[in-house]
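K.L.:
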Amino acid sequence: MTAPITRFAPSPNGPPHLGHAYAAIVAHDRAVRSGGEFLLRIEDIDGARSRPELADEFRADLAWLGLTWREVAPQSQRIAHYSAAFERLRAMGLVYPCRCTRAAIARAATRTGPDGPVYPGTCRPDFSKLAHPEPVEGRAGLGDMGKEGLGTPDVVWRIDIAAAMARSGALTWHDERAGVQMARPDLAGDVVVWRKDAPASYHLAATVDDAADGVSIVTRGADLFAATHIHRLLQALLGLPEPVWHHHPVLIEADGRKLAKRRGAPALAERRRAGEPGLSLAAALRAARFDTGIRLSESLDIGP
Numbered sequence: 001m002t003a004p005i006t007r008f009a010p011s012p013n014g015p016p017h018l019g020h021a022y023a024a025i026v027a028h029d030r031a032v033r034s035g036g037e038f039l040l041r042i043e044d045i046d047g048a049r050s051r052p053e054l055a056d057e058f059r060a061d062l063a064w065l066g067l068t069w070r071e072v073a074p075q076s077q078r079i080a081h082y083s084a085a086f087e088r089l090r091a092m093g094l095v096y097p098c099r100c101t102r103a104a105i106a107r108a109a110t111r112t113g114p115d116g117p118v119y120p121g122t123c124r125p126d127f128s129k130l131a132h133p134e135p136v137e138g139r140a141g142l143g144d145m146g147k148e149g150l151g152t153p154d155v156v157w158r159i160d161i162a163a164a165m166a167r168s169g170a171l172t173w174h175d176e177r178a179g180v181q182m183a184r185p186d187l188a189g190d191v192v193v194w195r196k197d198a199p200a201s202y203h204l205a206a207t208v209d210d211a212a213d214g215v216s217i218v219t220r221g222a223d224l225f226a227a228t229h230i231h232r233l234l235q236a237l238l239g240l241p242e243p244v245w246h247h248h249p250v251l252i253e254a255d256g257r258k259l260a261k262r263r264g265a266p267a268l269a270e271r272r273r274a275g276e277p278g279l280s281l282a283a284a285l286r287a288a289r290f291d292t293g294i295r296l297s298e299s300l301d302i303g304p
């Protein structure tokens, strides 16, 4: 068997915390224990929220934990690759522009998916009605914008999931812990593949990146399990190799919500600078020994 390649791909928009440490250790150990390679990829296309100094904190914390890695190009250096992948999807007729606000989507949605209200298809092209378009709040038909709409402040581009699934046919994917899964990207609806501020969405960027970096085992938290249905579809459409996935439990707080930077999860750097031994903390995480009030969740339904 080929030696596995895994990756840890943090976004430098907040200080690293215990949840990041656990995810990095899982990815590192899954590769290294099998004679493989562990990669670090900085996902720094989140506009002004991406801060270079926080990328340095991730590097310092990983080293403090005793991990070794090979760093690959950050996402900010890969925009042309995302654009090329997007243009392939557009050439297939599988994406369309959308100006709907989150509030409008929430009002119009008829069901909830893994990421909240499922987009109801307001802007999805209906070619039978293009000759006599009806004004709809928040709607932008294909005649309203072409290539010039890409990256404009009020436009995102969505993938027509039904059309994409018809083109790809039935798909499966394999998780090392959950087994073979039937791909169900329709559960999430027509997700965004190109954002308003120009860079690709997480779904498109992560899929393109993992293929470019030769990642053979995608390790990530169970909270991202549903995203894999979409990524498997994008791989099939773009002719990219199919990895194996490993969705591990995530660290949650006493109230059942995932540890999060936006809720003030304590930074690893505070512990590192206070002189706590990083190797000891890594050993505790490997043994599933956590700070008071923190535990692992196996659930795929974790609070935001």
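Quick note on numbering: our numbering labels position 126 of the sequence shown as 126, and the sequence is numbered without any gaps.
Ideal Cβ positions, reconstructed from N, Cα and C, are used throughout, including at glycine.
Could you tell me which residues DSSP pairs with T2 in its beta bridges?
P.N.:
For this step, residue 2 is matched to residue 2 along the sequence shown. Looking at the DSSP output, T2 sits in no beta bridge, so it has no partner there.
K.L.:
Let me know the secondary structure DSSP gives V32 once reduced to three states.
P.N.:
Residue numbering aside, residue 32 sits at position 32 when the sequence shown is read from its first letter. If DSSP states are grouped into helix, strand and coil, V32 belongs with the helices.
K.L.:
Between which residues of its own chain and R286 is the CB-CB distance below 8 Å, once the five residues before and five after are set aside?
P.N.:
Taking the sequence shown and counting its residues from 1, one reaches residue 286 at position 286. Taken in chain order, the residues that qualify are I25 and D29.
K.L.:
Give me the Cα-Cα distance between D291 and R124, rounded to the nearest whole angstrom.
P.N.:
Counting from one through the sequence shown, the residue named residue 291 turns up at place 291. Counting from one through the sequence shown, the residue named residue 124 turns up at place 124. Straight-line Cα distance between these residues: approximately 47 Å.
K.L.:
Measuring only the C-alpha atoms, how far is A274 from L268?
P.N.:
Numbered from its first residue, the sequence shown carries residue 274 at position 274. Numbered from its first residue, the sequence shown carries residue 268 at position 268. Rounded to the nearest angstrom, the two C-alpha atoms are 10 Å apart.
K.L.:
By the three-class DSSP mapping on this structure, what secondary structure does F8 have?
P.N.:
Start at 1 with the first residue of the sequence shown, and residue 8 comes out as number 8. Reduced to three states, the DSSP call for F8 is strand.
K.L.:
Could you give the DSSP three-state label for M182: helix, strand or coil?
P.N.:
Stepping through the sequence shown from its first residue, residue 182 is reached at position 182. Reduced to three states, the DSSP call for M182 is strand.
K.L.:
Which residue's Cα is closest to the Cα of R78: L54, E176, D209 and R195?
P.N.:
Along the sequence shown, read from residue 1 onward, the residue named residue 78 stands at position 78. Among L54, E176, D209 and R195, the Cα nearest to that of R78 is on D209.
K.L.:
With a threshold of 16 other CB atoms inside 10 Å of the CB of R111, please say whether the residue is buried or exposed.
P.N.:
Along the sequence shown, read from residue 1 onward, the residue named residue 111 stands at position 111. Under this definition R111 is an exposed residue.
K.L.:
Here's the rule: buried if 16 or more other CB atoms are within 10 angstroms of the residue's CB, otherwise exposed. What is E57?
P.N.:
Working through the sequence shown from its first residue, we reach residue 57 at position 57. With 16 or more other Cβ atoms inside 10 Å of its own Cβ, E57 counts as buried.
K.L.:
If you drop the 5 nearest sequence neighbours on each side, which residues of the same chain put their C-beta closer than 7 Å to that of R289?
P.N.:
Numbered from 1 along the sequence shown, position 289 holds the residue referred to as residue 289. Once the five neighbours on either side are set aside, R289 has no close Cβ partner at all.
K.L.:
State the CB to CB distance for the pair V193 and A200, rounded to an integer number of angstroms; the pair is presumed to be in contact (CB under 8 Å).
P.N.:
As a working note, residue 193 is residue 193 in the sequence shown. As a working note, residue 200 is residue 200 in the sequence shown. About 7 Å; that satisfies the 8 Å criterion.
K.L.:
Less than 8 Å between the CB atoms is what I'm expecting for I5 and A31, so what's the real figure, rounded?
P.N.:
Here residue 5 corresponds to residue number 5 of the sequence shown, with the count starting at 1. Here residue 31 corresponds to residue number 31 of the sequence shown, with the count starting at 1. Yes, they are in contact, since the Cβ atoms of I5 and A31 sit about 6 Å apart, within 8 Å.
K.L.:
Check T219 in the structure and name its three-state DSSP category.
P.N.:
Translated into positions along the sequence shown, residue 219 becomes position 219. In the structure shown, T219 sits in a strand (DSSP, three-state: E or B).
K.L.:
With burial defined as no fewer than 16 other Cβ atoms inside 10 Å of the residue's Cβ, what is the status of P97: buried or exposed?
P.N.:
On the sequence shown, residue 97 is found 97 positions in, with the first residue counted as 1. With 16 or more other Cβ atoms within 10 Å, it is buried.
K.L.:
Is DSSP giving F38 helix, strand or coil here?
P.N.:
What you label residue 38 is simply residue 38 of the sequence shown in a count that begins at 1. F38 falls in the strand class under three-state DSSP.
K.L.:
Taking the alpha helix (DSSP H) that V208 belongs to, which residues open and close that run?
P.N.:
Taking the sequence shown and counting its residues from 1, the one referred to as residue 208 is at position 208. It spans Y202 to A212 - the alpha helix (DSSP H) in which V208 sits, taken as one unbroken run.
K.L.:
Is Y119 helix, strand or coil when you go by DSSP?
P.N.:
Taking the sequence shown and counting its residues from 1, the one referred to as residue 119 is at position 119. If DSSP states are grouped into helix, strand and coil, Y119 belongs with coil.
K.L.:
Less than 8 Å between the C-beta atoms of H305 and R295, yes or no?
P.N.:
Outside the displayed span of the chain (1 to 304) sits residue 305, for which this structure offers no information.
K.L.:
Got a sec, what are the start and stop residues for the alpha helix (DSSP H) P64 sits in?
P.N.:
Position 64 of the sequence shown holds residue 64. Note on residue identity: the sequence assigns Trp, not Pro, to residue 64. Note, W64: alpha helix (DSSP H), P52 to W64.
K.L.:
Does the distance from the C-beta atom of A162 to that of D186 stay below 8 Å?
P.N.:
Here residue 162 refers to the residue found at position 162 of the sequence shown. Here residue 186 refers to the residue found at position 186 of the sequence shown. In contact: A162 and D186 (Cβ atoms closer than 8 Å).
K.L.:
Could you please give me the residues that DSSP links to C98 through a beta bridge?
P.N.:
Along the sequence shown, read from residue 1 onward, the residue named residue 98 stands at position 98. Answer is V156.
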